[in-house]
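Shown next, in structure tokens, is the structure this report addresses.
Protein chains: 2
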Amino acid sequence: MALLSASERETLTRDHPAWEVAGEEAGRQFEFSDFNEAMGFVTRVALAAEKADHHPDIDIRWNKVKLVLSTHSEGGLTNKDADMVEVIDEMI
Amino acid sequence: MALLSASERETLTRDHPAWEVAGEEAGRQFEFSDFNEAMGFVTRVALAAEKADHHPDIDIRWNKVKLVLSTHSEGGLTNKDADMVEVIDEMI
Chain A
1 MALLSASERE TLTRDHPAWE VAGEEAGRQF EFSDFNEAMG FVTRVALAAE KADHHPDIDI
61 RWNKVKLVLS THSEGGLTNK DADMVEVIDE MI
Chain B
93 MALLSASERE TLTRDHPAWE VAGEEAGRQF EFSDFNEAMG FVTRVALAAE KADHHPDIDI
153 RWNKVKLVLS THSEGGLTNK DADMVEVIDE MI
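So the protein lines, in turn, are chains A and B.
Going by the working numbering, the first residue of the first sequence is number 1, and it counts up by one from there.
Going by the working numbering, the first residue of the second sequence is number 93, and it counts up by one from there.
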């Protein structure tokens, strides 16, 4: 699987401005009203990640969730990451 | 709620050697066979945390989960943390 081209990275950044696309990673922080809502979101992300066999790093701080995507086998961002960004942003 | 005394911290460390008790925090890393097992564990921890109204920081890296406990309102470790360590270690 090829790394995203410069223009593909620009498209990702433009279409998903809440994500920080930098170097080998794309990350976004989400804030919810409480832990219950945060875990509900994490569970939905986990199910989507397992289905796609592509798993973000997930950090939970009570009502805040940080997700970081990267395709480690390719050493950077690929369409697997861009697709997962789409899936996750559709949940919000 | 009082902070744990020095002897209470020693007891916690002795009874739960897999936890790193340092400064204001107690942390432990857990490793599972895959993301499915890791998320199963995280879900059990989340339910116990919500029940106790005491929520660890949770970092998920595919098959690895890191938990960090602290009682932020007291600025350190209290019986809420010691009790949650007990509950979590009983899951393993």
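The beta carbon of each residue, even a glycine, is placed where N, CA and C say it ideally should be.
This structure is a prediction, so every number in the text was calculated from the model and none was measured.
Span of the alpha helix (DSSP H), counted from its first residue to its last, around residue i
i, result
"alanine 6 of chain A", "6 to 15"
"phenylalanine 133 of chain B", "127 to 144"
"isoleucine 152 of chain B", "Looking at the DSSP string, isoleucine 152 of chain B is not in any alpha helix (DSSP H); the run it does join, the beta strand (DSSP E), is 149 to 153."
"alanine 82 of chain A", "79 to 91"
Euclidean distance between Cα positions of residue i and residue j
i, j, result
"alanine 26 of chain A", "arginine 120 of chain B", "27 Å"
"alanine 174 of chain B", "tryptophan 111 of chain B", "11 Å"
"lysine 80 of chain A", "histidine 164 of chain B", "38 Å"
"alanine 141 of chain B", "proline 148 of chain B", "7 Å"
"glycine 168 of chain B", "aspartate 15 of chain A", "42 Å"
"alanine 130 of chain B", "leucine 161 of chain B", "18 Å"
Residues near residue i by beta carbon distance below 7 Å, same chain, minus five either side
i, result
"glutamate 31 of chain A", "Asn63, Lys64"
"phenylalanine 127 of chain B", "Trp154, Asn155"
Residues near residue i by beta carbon distance below 8 Å, same chain, minus five either side
i, result
"threonine 170 of chain B", "Met93, Ala94, Leu95, Leu96, Thr163"
Extent of the continuous beta strand (DSSP E) run through residue i
i, result
"glutamate 211 of chain B", "This structure leaves residue 211 of chain B out entirely; chain B is present only between 93 and 184."
Beta-carbon separation (whole angstroms), residue i vs residue j, contact threshold 8 Å
i, j, result
"aspartate 145 of chain B", "aspartate 59 of chain A", "21 Å between Cβ atoms; not a contact."
- Message: For the pair the stretch 138 to 155 of chain B and the stretch 102 to 114 of chain B, tell me if three or more CB-CB distances fall below 8 Å.
- Response: Result no; under three Cβ-Cβ pairs closer than 8 Å.
- Query: Any chance the stretch 71 to 87 of chain A sits against the stretch 43 to 52 of chain A, with 3 or more Cβ pairs inside 8 Å?
  - Reply: Yes: the two stretches touch, three or more of their Cβ pairs being nearer than 8 Å.
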